[in-house]
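**Q** Can you read through this structure? Questions will come right after.
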Amino acid sequence: MQSLYSYFSIPSNEMSISENEMIKDIRSISELQVIIISFIIELHAYATNFLEENKTKYIPSEEDLNPNIKFLNNRIIIALKEDELLNKKVSRISSFWRKNDLDIIRKVFVEMYKSQQYSDYLNNEKDDLNQDKKFIQIMLNEYILDNEIFHFILQERSIFWTDDLPFISMFVKSQINNMTESNNNSLITDVFKNNDDKKFAVNLFRQTINNADEFEKLIESKVKNWELERISKMDLLLIKMALTEVISFTEIPIKVSFNEYIEISKYYSTQNSKVFINGVLDKIVSQFKREGKVKKVGRGLV
Numbered sequence: 002m003q004s005l006y007s008y009f010s011i012p013s014n015e016m017s018i019s020e021n022e023m024i025k026d027i028r029s030i031s032e033l034q035v036i037i038i039s040f041i042i043e044l045h046a047y048a049t050n051f052l053e054e055n056k057t058k059y060i061p062s063e064e065d066l067n068p069n070i071k072f073l074n075n076r077i078i079i080a081l082k083e084d085e086l087l088n089k090k091v092s093r094i095s096s097f098w099r100k101n102d103l104d105i106i107r108k109v110f111v112e113m114y115k116s117q118q119y120s121d122y123l124n125n126e127k128d129d130l131n132q133d134k135k136f137i138q139i140m141l142n143e144y145i146l147d148n149e150i151f152h153f154i155l156q157e158r159s160i161f162w163t164d165d166l167p168f169i170s171m172f173v174k175s176q177i178n179n180m181t182e183s184n185n186n187s188l189i190t191d192v193f194k195n196n197d198d199k200k201f202a203v204n205l206f207r208q209t210i211n212n213a214d215e216f217e218k219l220i221e222s223k224v225k226n227w228e229l230e231r232i233s234k235m236d237l238l239l240i241k242m243a244l245t246e247v248i249s250f251t252e253i254p255i256k257v258s259f260n261e262y263i264e265i266s267k268y269y270s271t272q273n274s275k276v277f278i279n280g281v282l283d284k285i286v287s288q289f290k291r292e293g294k295v296k297k298v299g300r301g302l303v
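Numbering follows the working numbering, with no gaps: position 283 of the sequence shown is 284.
Next comes the structure, spelled out in structure tokens:
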């Protein structure tokens, strides 16, 4: 959707160049996953140095000399650090958090260190994997993912990451929640589930562009007393993408295509867009069915 919006917004765009940019942007989502995990690892490294430096104070307290190291021994973070594939990727971006002058690692750790949640975690008599998981989830939700500086740094790296963050955050948290002491599988996976996944993205991109003019005429014929210029660019794009799925992707049920694009419109378009998009799609797809243009097979028949 983002790549198509960009393509249609600049008349001089070439489809092949825009397509390559789209694949590059999709693959960068995997980098965002690594960056979130690298933040956890950097926070752990800072905590280790912080507690060691406290021991060297001129007049250290008993707590300085014998700190509670439950966070340093957090099983989830230790597992992340022992994930060889993950660490190869983390090492490539090791300077990401350190090179900025916003001192975000220190700021987040200090805020967390002073919190009641951190104190409760350290002093909880239970010391098991589930407790470690719970605290990592708290750390992500309360101190990392909602942090304004964190968002600012990500946005400087990629303008798309602000939109991608909720989805990737949910994915990372789900991966962490599913970790077990006997599970040695890496958290890092390819952004495309398989080659068909990538093929779907490319075909949807190409077919939407190829069908754009024909679909515009159809949309205009179904929207009485409205000119295309008066329709939101995003609404127009989402209708074109949905129609492309209905016509070109035989295994996707019509209802699924409708629901997906109506759902997207709730986030990226106006308050009334879902009703408008649903109405236009319903009229055009009904016409397609009468003309025999809709051919579904397998799951698409549901």
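All residues carry an ideal CB built from backbone N, CA and C; glycine is no exception. Note that this is a predicted model, so its numbers are computed, not measured.
Leaving out the 5 sequence neighbours to the left and right, which residues in its chain are closer than 6 Å to S31 when beta-carbon positions are compared?
**A** Hits under 6 Å: V192.
**Q** Would you mind stating whether I137 and I94 have Cβ atoms separated by less than 8 Å?
**A** Not in contact: I137 and I94 (Cβ atoms no closer than 8 Å).
**Q** Terminal residues of the continuous alpha helix (DSSP H) containing T251?
**A** Segment: none, T251 is in no alpha helix (DSSP H) and carries neither H nor E.
**Q** Let me check understanding here. Comparing Cα to Cα, which of I27, E149, K241, S39 lies closest to I285?
**A** Comparing Cα positions, the closest option is K241.
**Q** Start and end of the alpha helix (DSSP H) containing F151?
**A** It spans 149-158 - the alpha helix (DSSP H) in which F151 sits, taken as one unbroken run.
**Q** Report yes or no: do three or more beta-carbon pairs, one from the segment 241-254 and one from the segment 282-301, lie closer than 8 Å?
**A** Touching, yes.
**Q** Determine the contact status of D165 and L33, defining contact as a CB-CB distance below 8 Å.
**A** Yes, these two residues count as a Cβ contact at 8 Å.
**Q** What are the complete alpha helix (DSSP H) segments, minimum 4 residues, inside the segment 161-192?
**A** Taking only runs of at least 4 residues, the alpha helix (DSSP H) segments lying wholly in the segment 161-192 are 162-178.
**Q** So, are the CB atoms of I106 and L44 less than 8 Å apart?
**A** In this structure, L44 lies closer than 8 Å to I106 by Cβ.
**Q** With a threshold of 8 Å, are at least 3 pairs of Cβ atoms found where one atom belongs to the segment 13-24 and the other to the segment 62-75?
**A** Segments in contact, no.
**Q** Take the Cβ of D236 as the centre, count every other Cβ of all protein chains shown within 10 Å, and call the residue buried at 16 or more, exposed below.
**A** Counting Cβ neighbours within 10 Å, D236 comes out buried, since at least 16 surround it.
**Q** Do L86 and S187 have their CB atoms nearer than 8 Å?
**A** In this structure, S187 lies closer than 8 Å to L86 by Cβ.
**Q** Terminal residues of the continuous alpha helix (DSSP H) containing Y119?
**A** Run containing Y119: 117-124, per the alpha helix (DSSP H) assignment.
**Q** May I ask you to report which of helix, strand or coil DSSP gives M2?
**A** M2: coil per DSSP, three-state reduction.
**Q** I think S287 touches K275, with their Cβ atoms under 8 Å apart; what is that distance to the nearest whole Å?
**A** Between K275 and S287 the Cβ distance is about 18 Å, and since that is not below 8 Å, they are no contact.
**Q** Please return the same chain residues whose Cβ sits closer than 7 Å to the Cβ of S159, not counting the five positions on each side in sequence.
**A** Excluding sequence neighbours, S159 sits near S29.
**Q** On the DSSP letters alone, give me the boundaries of the alpha helix (DSSP H) that T49 sits inside.
**A** Per DSSP, T49 belongs to the alpha helix (DSSP H) from 16-55.
**Q** Hey, quick one: how far does the alpha helix (DSSP H) through T271 stretch, first residue to last?
**A** Taken as a continuous stretch (DSSP letters only), T271 belongs to no alpha helix (DSSP H), as it is neither H nor E.
**Q** Answer with buried or exposed for M171, where buried requires no fewer than 16 other C-beta atoms within 10 angstroms of its C-beta.
**A** Counting Cβ neighbours within 10 Å, M171 comes out exposed, since fewer than 16 surround it.
**Q** Determine, using beta-carbon pairs with one atom in the segment 57-66 and one in the segment 112-131, whether at least three such pairs fall under 8 Å.
**A** No: the two stretches stay apart, fewer than three of their Cβ pairs being nearer than 8 Å.
**Q** At the level of alpha carbons, what is the spacing between I36 and N204?
**A** About 29 Å.
**Q** Round the Cβ separation of E230 and G299 to the nearest angstrom and send it over; I've been treating them as touching at under 8 Å.
**A** The Cβ separation is near 40 Å, so there is no contact.
**Q** Looking at S270 and S222, is the spacing between their C-beta atoms short of 8 Å?
**A** No, the Cβ-Cβ distance between S222 and S270 is not below 8 Å.
**Q** Please return the same chain residues whose Cβ sits closer than 8 Å to the Cβ of P254, not counting the five positions on each side in sequence.
**A** Cβ within range, chain order: K297, R300, G301, L302, V303.
**Q** Return the CA-CA distance between A46 and L81, expressed in angstroms with no decimal places.
**A** Cα-Cα distance, rounded: 12 Å.
**Q** Indicate whether L130 and E182 have their beta-carbon atoms separated by less than 8 Å.
**A** Their beta carbons are under 8 Å apart, which means L130 touches E182 by this criterion.
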